[in-house]
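Protein chains in written order, with this note's numbering: chain F, 6 to 375; chain S, 6 to 375. Structure first, then comments.
The following block contains the structure:
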């Protein structure tokens, strides 16, 4: 990977040489900086207008410099799904991190306490045993952290199943040393708007009647982000993909194709038949996530061509039209189905402005599965 | 990640402490060394019996120490799909590497020539322009490498489409400086046994009549590996997944579940309902590859439970039976659908013998997309 600018000898003197997209090898993950910055500013503006706190999920980029940018633009802190991601972000100076994931086991509890001793860490629980583990780990070290009750308001993943169960857990958390019951968390938010609103409203009501302060109600998701204010009581939102956007977000209607900042630069490496082109990006580059979409990405230069199949290092493109293009060696840009998993596959991404390379970022929090 | 053995102070003196699977955090990728070694030896023995050369594809493990082990057990060299993988392996002392992938563009051609100057590199082409690029890059530097014609014998991916096209390309390659036409390559081999055999036989016949020596006929795939000798003329085979095996290979019949060396150690992090358990391994740990299978992996302890859905950090398990197990905090081992893509997601894997940790390997060639 080249640095953004290279010094080279030319005519006997050094000059700063610009690097362009055409100079890059493929596959490379490009981030259009103008588009990315627009995406970040637009949602922050929305939050400011609706008096919502913005707490972006860094899973989409996994890059400390971009987390810093999100905070500098107005985010109150960030969201990480794994402690390993949070540790990378804390090392880079991010000091308010929410980990909305049940933390279990001695390794993770010790690391959570270590994190809580140096940053403002908050977490979620969906059952008493998880709260008790956190309580013991924190209290033992003289720490206290905010903990939210994860509510399953329709996703069918983790979370308490009813407002009554949420209240019981909140009351238990409120009594445990080392934990401070701070409110409620759900994901996604507007997918089932009426159900989510009803679940959260009833839980807030139960908590308040029980004398519990619900200071945070945290919702999430990029698909839902422009409607986050419609869920009554929500105080903060956790969008992830909005920084880059992707084909799935475009299909959901939350962004347009021109709002997609992540493009995968690829080369046509084989044209075995008139209707088949093979590109040098397979599931190792694009991931095999379809998210219910047809095909594995959108080819900017050939929007009618379908990426029909992926092997690890091969993308099979069904060529549209008369089959004369794309030609062998031609370079294409692909908007991936799912930007987050692409970030997790790559060591580096390249920030470009127009066709000029401006920066290379290490994806420092990639691969942090623990 | 812990080292395999940790020195600790105990009773005032240092002792070597064994690390067991129970000491590991989750998710972790475990490799059962006894099973892996058995897998490697079994196929090498098959090759020796059938006078086939074994040239394993390292995409499954991406670990130089395991490539070394494959060669030490009798492999003639290795196969890499990407130059970045080949460079890692060459740096580790592997000196015979086959890259069966069309190499295009100035970056890759320069790197291929650099590799060819220090190891025995061989490649494939499926069209004249690719051969010409390689020829120029090698000849310019005074190098000559072996090149095989990639034949599409039924896969429908890259490769020449007919024996006649194979002959034409072979003749052109034979004339180009810097390249030495060495034979034919196909993948997979026995999926369409009659078609593959007929394509290769006709091509070999055409080449020999034209005075071209077909010294190598290279076939590939773990699914096909025990039948590699049935394809007349094949001189070497390139199995990848056989080192670990996985749920897909078991479904294909080429291995049994007890031959699967890769297990993902996970924890049940949520039990929101009687029939749903959530584990801390999602697509970031297991990948979203289904390879046509139902569900995302085989749970060793609960073979009837289905991993029905994955998000990035969550695996949704449909619990079978009365729903009382697995319990929150329980640790499970999952045989993944596709071992190769799991390796590509992780920085490290942990070699275990029985329940004892023996070694931790960095997956040094992971993420090499270029």
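Glycine included, each C-beta is placed from N, C-alpha and C at the ideal position.
Among the options, the one whose alpha carbon lies nearest that of residue i
i, options, result
"residue 414(F)", "356(F), 106(F) and 189(F)", "Any answer about residue 414(F) is impossible in this case: the structure gives chain F only from 6 up to 375."
"residue 95(S)", "83(S), 106(S) and 45(S)", "83(S)"
"residue 219(S)", "284(S), 186(S), 326(S) and 121(S)", "186(S)"
"residue 243(S)", "222(S), 263(S) and 251(S)", "222(S)"
"residue 226(F)", "375(F), 198(F), 192(F) and 71(F)", "192(F)"
"residue 134(F)", "38(S), 362(S), 334(S) and 370(S)", "334(S)"
"residue 252(S)", "360(S), 287(S) and 301(S)", "301(S)"
"residue 241(S)", "359(S), 58(S) and 348(S)", "58(S)"
"residue 110(S)", "271(F), 170(F) and 364(F)", "271(F)"
"residue 61(F)", "35(F), 99(F), 29(F) and 40(F)", "99(F)"
"residue 277(S)", "76(F), 163(F) and 105(F)", "163(F)"
"residue 224(F)", "115(F), 174(F) and 238(F)", "238(F)"
"residue 298(S)", "287(S), 174(S) and 312(S)", "312(S)"
"residue 50(S)", "158(S), 327(S), 234(S) and 85(S)", "234(S)"
"residue 280(S)", "31(S), 121(S), 373(S) and 321(S)", "321(S)"
"residue 323(S)", "273(S), 289(S), 86(S) and 45(S)", "273(S)"
"residue 314(F)", "293(F), 332(F), 325(F) and 350(F)", "293(F)"
"residue 22(S)", "361(S), 169(S) and 258(S)", "361(S)"
"residue 199(F)", "210(F), 158(F), 214(F) and 317(F)", "158(F)"
"residue 207(S)", "38(S), 248(S), 168(S) and 46(S)", "168(S)"
"residue 285(F)", "246(F), 338(F) and 214(F)", "338(F)"
Chain F contact residues for residue i, given Cβ-Cβ distances below 8 Å
i, result
"residue 351(S)", "372 and 374"
"residue 113(S)", "30"
"residue 110(S)", "30, 31, 272 and 334"
Contact under 9 Å by Cβ, residue i with residue j
i, j, result
"residue 88(F)", "residue 136(F)", "no"
"residue 25(F)", "residue 368(F)", "no"
"residue 148(S)", "residue 118(S)", "yes"
"residue 127(F)", "residue 104(F)", "yes"
"residue 267(S)", "residue 124(S)", "no"
"residue 172(F)", "residue 130(F)", "no"
"residue 265(S)", "residue 64(S)", "no"
"residue 40(S)", "residue 363(S)", "no"
"residue 304(S)", "residue 29(S)", "no"
"residue 343(F)", "residue 371(F)", "no"
Per-residue DSSP class, three states only, for residue i
i, result
"residue 155(F)", "strand"
"residue 338(F)", "strand"
"residue 10(F)", "Summary for residue 10(F): the model assigns pLDDT 41, below 50, so the residue's position carries little reliability; its value from the coordinates is reported in the next sentence. Three-state result, residue 10(F): strand."
"residue 373(F)", "coil"
"residue 124(F)", "coil"
"residue 37(F)", "strand"
"residue 17(F)", "Bear in mind that the predicted position of residue 17(F) carries a pLDDT of just 44, short of 50, making it too unreliable to give a figure here."
"residue 311(S)", "strand"
"residue 249(S)", "coil"
"residue 363(F)", "strand"
"residue 180(S)", "helix"
"residue 215(F)", "coil"
"residue 130(S)", "strand"
"residue 254(F)", "helix"
"residue 259(F)", "coil"
"residue 101(F)", "strand"
"residue 59(S)", "strand"
"residue 305(F)", "coil"
"residue 199(F)", "helix"
"residue 31(F)", "coil"
"residue 111(S)", "helix"
"residue 300(F)", "coil"
Chain S residues whose Cβ lies nearer than 7 Å to that of residue i
i, result
"residue 107(F)", "274 and 275"
"residue 157(F)", "277"
"residue 87(F)", "318"
Chain F residues whose Cβ lies nearer than 7 Å to that of residue i
i, result
"residue 202(S)", "Going along chain F, no residue has its Cβ under 7 Å from residue 202(S), so there is no contact; the nearest lies around 20 Å."
"residue 64(S)", "317"
"residue 283(S)", "162 and 163"
Interface partners of residue i on chain S, CB under 9 Å
i, result
"residue 164(F)", "275 and 277"
"residue 132(F)", "275, 276, 277 and 333"
"residue 290(F)", "374"
"residue 321(F)", "161 and 162"
Chain S contact residues for residue i, given Cβ-Cβ distances below 8 Å
i, result
"residue 32(F)", "374 and 375"
"residue 294(F)", "288 and 293"
Near the ligand SAH: residue i beta-carbon under 8 Å from a heavy atom
i, result
"residue 154(S)", "Looking at this structure, you won't find the ligand SAH or any other ligand, since it has none at all."
Contact set between residue i and chain C, taken where Cβ atoms lie within less than 8 Å
i, result
"residue 249(S)", "The displayed structure is made up of protein chains F and S, and chain C is not among them."
To be precise: take each residue of the segment 328-350 of chain F, compare its Cβ to all Cβ atoms of chain S, and keep it if any distance is under 8 Å. Which residues remain? The residues in question are 333, 334, 345, 346, 349 and 350.
Got a sec: which bits of the segment 40-57 of chain S sit with their beta carbon under 7 Å from any beta carbon on chain F, in order along the chain? none
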